[in-house]
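Below: one structure, written as structure tokens.
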Amino acid sequence: MKSIYENEMKLEFISKSNNEAFARISVAAFAAQLDPTIEELADIKTSVSEAVTNSIIHGYEDTEGTVKVICKIIGNSILIEISDTGKGIENVDEAKRPLYTSKPNLERSGMGFTIMESFMDEVKIESILGIGTKVTMKKLIKKEETSETDITEMLSQIGSQIANNISEEE
Amino acid sequence: MNSKYIEKDKLLLLEITEEIDHHTTEKIRRKADNEITRFMPRKVIFDFSNVTFMDSAGIGMVLGRYKMINMLGGSLEMINVSPSIKKIFEMSGIVKICPIKEAV
Chain A
4 MKSIYENEMK
14 LEFISKSNNE
24 AFARISVAAF
34 AAQLDPTIEE
44 LADIKTSVSE
54 AVTNSIIHGY
64 EDTEGTVKVI
74 CKIIGNSILI
84 EISDTGKGIE
94 NVDEAKRPLY
104 TSKPNLERSG
114 MGFTIMESFM
124 DEVKIESILG
134 IGTKVTMKKL
144 IKKEETSETD
154 ITEMLSQIGS
164 QIANNISEEE
Chain B
269 MNSKYIEKDK
279 LLLLEITEEI
289 DHHTTEKIRR
299 KADNEITRFM
309 PRKVIFDFSN
319 VTFMDSAGIG
329 MVLGRYKMIN
339 MLGGSLEMIN
349 VSPSIKKIFE
359 MSGIVKICPI
369 KEAV
């Protein structure tokens with residue numbers, strides 16, 4: 004049965020911090036097919052980095068587990084799901100609050116969710132204590148529009164070609 | 269990380285040479301703290317020329333160094349910060365205490 008998505012990929016890796024770079028580069032490589040701008044790509048990479056880091060240092064804390072990254076392309080949007088089977092978030096609203104962190108001793112700024120919400124168009128957080136957490140993010144990659152001057156140029160070029168054809172026939 | 273200490277200005281210039289995320293900040297933090305304790309500078313400048321990526325871990329790293337340098341009565345600045353990374357610093361408000369300057 005054909006998927007409703009134009010393209011999909013799934014990554015799974017152990018919750019080691021050196022995989023943070025691997026995750027964001029992989030998602031960026033997959034997102035490239037939408038022809039994003041440098042800024043859009045940076046926004047996506049940063050958001051992935053935040054979510055993956057959360058799974059590693061909060062979800063799995065001092066243990067080790069698997070982080071799953073699923074990406075789907077639908078139209079001009081990319082959907083990114085980052086999930087873990089770690090300890091879960093007790094209070095999601097508290098976790099989302101800017102500058103709130105449960106790990107100030109790790110020099111965490113508490114800006115992870117704020118950054119995800121600023122850089123992505125939609126962010127959804129689902130979490131069950133003792134079961135795990137799933138963060139779903141979506142971003143529309145804007146297509147560059149043909150400007151008015153381009154269209155005028157094209158029309159005048161077509162017009163001259165027609166004029167030339169007519170004059171040649173005479 | 270490359271470090272340069274300018275004795276006459278008691279200025280410590282720290283050039284970060286890698287991406288800044290939770291994984292790399294452990295090493296960056298350690299090296300920066302070593303240099304700061306070694307020289308006890310009046311001002312620390314972080315040079316971001318070669319930083320191609322940063323997430324919120326960078327905010328915590330800079331803030332941690334700021335607290336240390338502040339205890340010594342010194343100040344901290346950042347230079348050559350790319351627009352994407354500047355955006356992240358501005359979101360956290362840290363630029364009020366650790367300004368981003370254009371390199372001279």
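Chains as they are written, first to last, in the working numbering: chain A, 4 to 173; chain B, 269 to 372. Heads up, the beta-carbon is just placed ideally off N, CA and C, and yes, glycines get one too.
Could you check whether the Cβ of residue i sits closer than 9 Å to any Cβ belonging to chain B?
i	result
G115/A	yes
I85/A	no
S52/A	yes
I118/A	yes
K145/A	no
D124/A	no
I47/A	no
Mark residue i as exposed unless 16 or more other C-beta atoms lie within 10 angstroms of its C-beta, in which case mark it buried.
i	result
E43/A	buried
E303/B	buried
A246/A	Not covered by the structure: residue 246/A. The range shown for chain A is 4 to 173.
I296/B	buried
V95/A	exposed
P351/B	exposed
R100/A	exposed
Y63/A	buried
V32/A	The question names Val, yet the displayed sequence has Ala at residue 32/A. Looking at its Cβ environment, which holds fewer than 16 other Cβ atoms inside 10 Å, A32/A is exposed.
I'd like the list of long-range same chain contacts for residue i, defined as Cβ closer than 7 Å, with 5 residues on each side in sequence excluded.
i	result
T285/B	M269, N270, N318
I362/B	I327, V330, L331
Between residue i and chain A, is the shortest Cβ-Cβ distance under 9 Å, so that the two count as touching?
i	result
E303/B	no
S360/B	yes
R297/B	yes
E345/B	no
G332/B	yes
A300/B	no
S352/B	yes
F316/B	no
T293/B	yes
If you follow the alpha helix (DSSP H) that residue i is in, where does it begin and where does it stop?
i	result
V349/B	Here V349/B belongs to no alpha helix (DSSP H), and DSSP marks it neither H nor E.
N270/B	Note, N270/B: premise wrong, no alpha helix (DSSP H); beta strand (DSSP E) at 270-274.
T40/A	Taken as a continuous stretch (DSSP letters only), T40/A belongs to no alpha helix (DSSP H), as it is neither H nor E.
Can you give me the start and stop residues for the beta strand (DSSP E) that residue i sits inside?
i	result
N2/A	Only positions 4 to 173 of chain A appear in the structure, and residue 2/A is not among them; the question remains open.
G135/A	135-143
S29/A	Looking at the DSSP string, S29/A is not in any beta strand (DSSP E); the run it does join, the alpha helix (DSSP H), is 22-34.
L102/A	Note, L102/A: premise wrong, no beta strand (DSSP E); not H, not E.
If I measure Cβ to Cβ from residue i and keep anything under 6 Å in the same chain, skipping five residues before and after, which residues do I get?
i	result
I337/B	V312, L344
G113/A	L102, Y103, T104
For residue i, collect the residues of the same chain with a Cβ closer than 8 Å to its Cβ; drop the 5 residues on either side in sequence, then sort them by chain order.
i	result
H290/B	D323, A325
I17/A	E67, G68, T69, V70
E15/A	T69, V70, K71, V72
E97/A	Y103
Please identify, using Cβ separations under 7 Å, the residues of the segment 97-116 of chain A that lie next to chain B, in order along the chain. From the segment 97-116 of chain A, only E110, R111, S112, M114, G115 have a Cβ closer than 7 Å to chain B.
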